[in-house]
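Engineer: Taken in order, the sequence shown gives residues -16 to -1, 1 to 112; the numbers are from mature numbering (1 follows the signal peptide of the UniProt record, and there is no 0).
Quick reminder that beta carbons are idealized off the backbone N, C-alpha and C, glycines included.
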Amino acid sequence: MRIIILSLLLAGCLSACNTSRPLTNLNDHNIEYLVGQNKTLDDVRVSILQAGQVLGWEMQQVKPNLIRGTLVLRAHTAVVDIPYNLESYSILYVDSVNLDYDGTNIHRSYPRWVNNLKAKIDEFIVTK
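#1: For Lys47, which beta-bridge partners are listed by DSSP?
#2: In chain order, what residues of the same chain have a beta carbon less than 8 Å from the beta carbon of Asn69, not counting five sequence neighbours either side?
#3: Measuring straight from C-alpha to C-alpha, what distance separates Arg52 and Thr3?
#4: Using the rule of at least 16 other Cβ atoms within 10 Å of the residue's Cβ for burial, across every protein chain shown, is Ile109 buried or exposed?
#5: Tell me whether Arg29 sits in a helix, a strand or coil according to DSSP, three-state version.
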């Protein structure tokens, strides 16, 4: 009985130490309900740029309707592309440093960073 309990505790500890999560892109996040009729494409662009900057992302307009965001935290770097229009935007993985991306999984913090960016962009679209 003691071996079973110790085995379960060890399995729980090892699973808690897992530092990777599946990488999923945010594709075509609908913002039509946030934009309304009085917003322009430039309002969406400015909202994305400002939201990223507030969270510490370096945001750069790459071409019309495409922003590249780079987040550097300590020894970790994440790079995303954010294509956008008046109906939706996406946050797409481009590259990373020290996030252990293996083609499927990435460091457990990356999804949180992307989710925080999405929430802040939505907030800025509504308030700007």
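Structural biologist: Quick look at the numbers:
#1: DSSP lists Leu50 as partners of Lys47.
#2: Taken in chain order, the residues that qualify are Leu25, Val28, Asn49.
#3: Distance between the alpha carbons of Arg52 and Thr3: 25 Å.
#4: Flag for Ile109 reads buried.
#5: Here Arg29 sits in helix by DSSP.
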